[in-house]
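Trainee: If you read the sequence shown in the UniProt record's numbering, its first letter stands for residue 1, the second for the next number, and so on.
Backbone N, C-alpha and C fix where the C-beta goes; we use that ideal spot for every residue, glycine too.
Computed from a predicted model, the values in this text were never measured in an experiment.
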Amino acid sequence: MTGIDGESNCLGAVEKAVVVLREIAASASPVSLATLARRASLPKTTVHRLLRTLEAQGVVQRTDAGYEMRENLFTSNRQAPSDLTLRDSVLPAMLTLYNRTRLLVQLMVLDGDRVRCVEQFDGTPNRIGMRAPRGTTWLARSTAAGRVLLARQDSSAELEQARLAGIALDRGATHPEATTVALLVTGPGGMHAAVSVTGPHDAVVRTDLRAALATVAGPLRQRAEDRQIARLRSA
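If you want it as structure tokens, here you go:
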């Protein structure tokens, strides 16, 4: 299905996945399939399908007692608690992008003069083999994600376009034979990160992909502004 109906179905699946993720994240112990279906008010078959996708993407893991978030994976890859908070905030937007594009979607943060992958969803492992382990770093200045992050603190002319647009593009910097477009986003506490989409050049430079990025970034920026207003009111 394509067009408006297809996009509506896609967003519906994302919303259901987010509901399931929130139930798992809120639990101090693994949650069974039956319990998740009951709490989310969704059919068991739907929840099972969502869990299979989330498990394949490395977001959740299955244990004898049920499903849990794969926090052990993140901490083993040098993830700080702030990274986990940021990841949880941006995860719904990343799921939306992944379901719309079926390309590699990554969340990147600055780590000194490098940019580090905090989370990713990969829809193209067999086409280009782009997926890198979480925690992988690249020289920030050479990547689209790094440039949109550096542009906030660097007034050099080479970063002017990224600074003005809040978006940057690179070809082959993080993944050979692939193009990446990255957008600056703001998480809880004013934390800044970049959400990037990587894939074949023709797929990444499509106008509708840029529009999808902008649509996803809007709610993230609005939530950041709402948090800032709330802090000012409580001061």
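Quick one: residues in its chain with C-beta nearer than 8 Å to the C-beta of R70, no 5 flanking neighbours on either side, listed in chain order?
Mentor: G58, V59, V60 and Q61
Trainee: So, is R152 buried or exposed, given that buried needs 16 or more other C-beta atoms within 10 angstroms?
Mentor: exposed
Trainee: For the 8 Å Cβ check, are there 3 or more pairs between the segment 26 to 41 and the segment 95 to 115?
Mentor: Segments in contact, no.
Trainee: Less than 6 Å between C-beta atoms, sequence neighbours within five positions excluded: which residues of the same chain meet that for V31?
Mentor: I24, G66 and Y67
Trainee: Under 8 Å, do A193 and M94 count as touching if we go by C-beta distance?
Mentor: no
Trainee: Out of L104, P176 and R22, which one is the CA nearest neighbour of T85?
Mentor: For the options L104, P176 and R22, the alpha carbon positioned closest to that of T85 is the one of R22.
Trainee: Report the rounded CA-to-CA distance for R87 versus A157, giving the unit in angstroms.
Mentor: The alpha-carbon atoms of R87 and A157 are separated by roughly 31 Å.
Trainee: I'd like to know whether the C-beta atoms of V204 and T179 end up nearer to each other than 8 Å.
Mentor: yes
Trainee: Looking at V14: is its Cβ nearer than 8 Å to the Cβ of P92?
Mentor: yes
Trainee: Do L54 and K16 have their beta-carbon atoms positioned less than 8 Å apart in this structure?
Mentor: Taking 8 Å as the Cβ cut-off, K16 and L54 do not qualify as a contacting pair.
Trainee: Do you know how far the Cα of V105 is from the Cα of L139?
Mentor: 19 Å
Trainee: For S89, does the count of other Cβ atoms within 10 angstroms reach 16, so buried, or fall short, so exposed?
Mentor: Counting other Cβ atoms within 10 Å of its Cβ, S89 reaches 16 or more and is therefore classed as buried.
Trainee: Write down every uninterrupted run of the beta strand (DSSP E) in the segment 82 to 141 whose length is 3 residues or greater and which is fully enclosed by it, in chain order.
Mentor: 104 to 111, 114 to 121 and 137 to 139
Trainee: Let me know if R52 comes out buried or exposed under the rule of 16 or more other beta-carbons within 10 Å of its beta-carbon.
Mentor: exposed
Trainee: In terms of DSSP beta bridges, what is M69 paired with?
Mentor: V60
Trainee: Could you spell out the range, first to last residue, of the beta strand (DSSP E) harbouring A182?
Mentor: Unbroken beta strand (DSSP E) run through A182: T179 to T186.
Trainee: Please report the distance separating the alpha-carbon of D202 from that of V181.
Mentor: 12 Å
Trainee: Compare the Cα-Cα distances from L169 to each of T143, L150, G190 and A212 and report the closest residue.
Mentor: When only C-alpha atoms are compared, the closest one is T143.
Trainee: Identify which residue in H48, A26, V47 and T96 has its Cα closest to the Cα of L213.
Mentor: Of the listed residues, the one whose Cα sits closest to L213 is T96.
Trainee: Please say whether L149 and N183 have beta carbons closer to each other than 8 Å?
Mentor: Reading off the sequence shown, one finds Leu at residue 183, where the question assumed Asn. Taking 8 Å as the cut-off, the beta carbon of L183 is found no closer than this to the beta carbon of L149.
Trainee: With a threshold of 16 other CB atoms inside 10 Å of the CB of V47, please say whether the residue is buried or exposed.
Mentor: buried
Trainee: In the DSSP assignment, the beta strand (DSSP E) including T35 goes from what residue to what residue?
Mentor: Counting along the chain, T35 falls outside any beta strand (DSSP E), though it belongs to the alpha helix (DSSP H) covering L33 to A40.
Trainee: Does DSSP put A144 in a helix, in a strand, or in coil?
Mentor: A144: helix per DSSP, three-state reduction.
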